[in-house]
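Residue numbers (my numbering), protein chains in the order written: chain A, 94 to 316; chain B, 94 to 316.
Structure first, then comments.
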DNA sequence: GTGATCTAACTTGTATGGTAGTATAGCAGT
DNA sequence: ACTGCTATACTACCATACAAGTTAGATCAC
């Protein structure tokens, strides 16, 4: 049993986490102007930790810091989302292939458990959490958990879109069916089938994007 | 002709760039203790920008900030390098396949030009710059330049190893031969050959790692 | 009315002082 | 010689003050 290395996170880290969640969940809508002083007042802290949180967010491409002008929640750039999708597909395909080769009975059971959780999810956030848990679990099975950290970063851009689209465009049932195919392929140790299933799943967002850009134009960059 | 949007970068950004280069080039060796005050004194700036540079570096996994203890150049973790390699291979394979489909005569000429540059490189840094230019060019040809930004981040971990190994382990000639195969496959619009060539190239580091860990044990994490 | 200009209210960037936590060297008591 | 406490010299972290730049609006000249 390890001694608790868990200390209270720094204020800057906490602010970063809060803002990141808010941006990904589209509570802070694209284009919104943030200001160090305003956020600092809201959280009753000084400007410095807030500033550091902004720097972190800027490095994740979630905000844009314009010197002496302001900091803004980045608008969704269609090309960026498409490139994020491309990279994510490349990584997740490779991960799924490895997982298909390494999955044992216990691992398969864990995957099926997440599928069940998705089926009974009653809210958008709940479903997306189970969704993410499944994808991460696949990475763990493949022994590439740290590869998931990369996907997690990339994914943020896509998730912003997903939070807009879950209710409207893609019914959960459809996504669960796709997930189910991935799990079955891994359970059957069929790498090729796993790859095909992942690619089909990753194609989903391609169909959503045009519709979303039409419906929420103010959240997208005109570029 | 665009008006110069280039303004002097902030001090924090400059310090970040300098330190990042120094770490990747192994001038700042793994395990070295950095301190806000020390670096600030060295560059004749205040501690705050230095602190912000540290935060950026920490997010890139190049340093580790231990609260109230110090900030240290991260030691090279074998597993992290292997995972970085895995992710990079997945992305670069996908990029190369697309490039094979899209390359026109001008693009192929540009690739061959970088090959020539590599052949006449007289220093480690010079060769690595040409190497990087070629890989980025492939991404540009594929129309996935922003995907390269992801690789660039991942690659930092691998580059730290490469700066140790260039002279000792992998002769440039061997790498150039591998690069040449990649270019030929793309020029022939043969996606499968391009994939195979990239995978072979990415396997190179696997052979170097054990030897390097043996030779420079103090730069690696015992974990 | 129209246009240029100045001012005031923002913004981010930098410097500095102080705080809390950690590690270490040295001294005290065995 | 060895153990345990204490003072001290670090560290990152946070708050505050100041500087430099941008922008929007009021004001003044025409």
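The beta-carbon is built from N, C-alpha and C at its ideal position, and this holds for glycine as well.
Checklist entry - Listing by chain order, which chain A residues have their CB less than 8 Å from the CB of residue 247 (chain B)? => result 243
Checklist entry - In terms of residues, what are the limits of the beta strand (DSSP E) holding residue 157 (chain B)? => result 156 to 159
Item to check | Within chain A, partners of residue 165 (chain B) - CB distance below 7 Å | outcome: Under the 7 Å cutoff, chain A gives no residues; its nearest Cβ is about 16 Å from residue 165 (chain B).
Checklist entry - Is the Cβ of residue 237 (chain A) closer than 8 Å to any Cβ of chain B? => result yes
Checklist entry - What does residue 127 (chain A) pair with, by DSSP beta-bridge criteria? => result A:164
Next on the checklist: So, for residue 94 (chain A): in the same chain, excluding its five sequence neighbours on each side, which residues have a beta-carbon less than 6 Å away from its beta-carbon?
Outcome noted: A caution first: residue 94 (chain A) carries a pLDDT of 41, below 50, which makes its placement in the model unreliable, though a value can still be read off. Contacts found: none.
Checklist entry - Does the beta-carbon distance from residue 273 (chain B) to residue 301 (chain B) come in below 8 Å? => result no
Checklist entry - Going along the segment 302 to 315 of chain A in order, which residues come within less than 8 Å of chain B, judged by CB to CB distance? => result none
Item to check | Complete runs of the alpha helix (DSSP H) confined to the segment 192 to 239 of chain A [at least 4 residues] | outcome: 198 to 212, 217 to 234
Checklist entry - Which one of B:182, B:113, B:304 has the shortest CA to CA distance from residue 324 (chain B)? => result The requested residue 324 (chain B) is not part of the displayed model; chain B covers only 94 to 316.
Item to check | Own chain, CB closer than 6 Å to residue 66 (chain A), minus 5 neighbours either side, in chain order | outcome: Residue 66 (chain A) lies beyond the residue range present for chain A, which begins at 94 and ends at 316; the question has no answer from this structure.
Item to check | chain A contact for residue 142 (chain B) (CB, 8 Å cutoff) | outcome: no
Checklist entry - Taking all protein chains shown into account, do 16 or more other C-beta atoms lie within 10 angstroms of the C-beta of residue 134 (chain B), making it buried, or fewer, making it exposed? => result exposed
Checklist entry - Who are the near neighbours of residue 121 (chain A) in its chain, counting only those whose CB is closer than 6 Å to its CB and skipping five residues on each side? => result 115, 166
Next on the checklist: Short of 8 Å Cβ to Cβ, which residues in the segment 171 to 185 of chain B face chain A?
Outcome noted: 172, 173, 176, 179, 180, 182, 183, 184
Checklist entry - Whole alpha helix (DSSP H) runs in the segment 256 to 289 of chain B with 4 or more residues, listed along the chain? => result 265 to 280
Checklist entry - residue 132 (chain A) and residue 117 (chain A): beta carbons closer than 8 Å? => result no
Checklist entry - Who are the near neighbours of residue 314 (chain A) in its chain, counting only those whose CB is closer than 6 Å to its CB and skipping five residues on each side? => result 168, 170
Next on the checklist: Less than 8 Å between CB atoms is the rule here; does residue 149 (chain A) satisfy it with respect to chain B?
Outcome noted: yes
Checklist entry - Secondary structure at residue 95 (chain B), three-state DSSP: helix, strand or coil? => result Only weak support exists for where residue 95 (chain B) lies, its pLDDT of 39 falling under 50; the value from the coordinates is given anyway. Note: residue 95 (chain B) maps to coil in three-state DSSP.
Item to check | Segment limits, alpha helix (DSSP H) that includes residue 106 (chain B) | outcome: 104 to 117
Next on the checklist: Pull the bridge partners of residue 132 (chain B) from the DSSP assignment, please.
Outcome noted: Answer is none; residue 132 (chain B) lacks a bridge partner.
Next on the checklist: Within 8 Å of any Cβ in chain A, is that where the Cβ of residue 128 (chain B) sits?
Outcome noted: no
Checklist entry - Listing by chain order, which chain A residues have their CB less than 7 Å from the CB of residue 145 (chain B)? => result 145, 148
Item to check | Chain-ordered neighbours of residue 152 (chain B) on chain A, where CB pairs are closer than 9 Å | outcome: 148, 149, 152, 153
Item to check | Backbone CA spacing between residue 179 (chain A) and residue 308 (chain A) [nearest angstrom] | outcome: 23 Å
Checklist entry - Do you know whose CA, among B:163, B:288, B:303, lies nearest residue 181 (chain B)'s CA? => result B:288
Item to check | Boundaries (first-last residue) of the alpha helix (DSSP H) holding residue 151 (chain B) | outcome: 140 to 152
Next on the checklist: Let's see if you can read the secondary structure: which residues bound the alpha helix (DSSP H) around residue 298 (chain A)?
Outcome noted: 297 to 308
Item to check | Minimum Cβ-Cβ distance from residue 160 (chain A) to chain B less than 8 Å | outcome: yes
Checklist entry - Can you tell which of A:209, A:244, A:284 has the C-alpha that lies nearest to the C-alpha of residue 184 (chain B)? => result A:244
Checklist entry - Taking only beta-carbon atoms, is residue 240 (chain B) less than 8 Å away from chain A? => result yes
Next on the checklist: Beta-carbon within less than 8 Å of residue 228 (chain A)'s beta-carbon, same chain only, minus the 5 sequence neighbours each way: which residues are those?
Outcome noted: 185, 241, 244
Next on the checklist: What does the alpha-carbon distance come out to for the pair residue 303 (chain A) and residue 126 (chain B)?
Outcome noted: 50 Å
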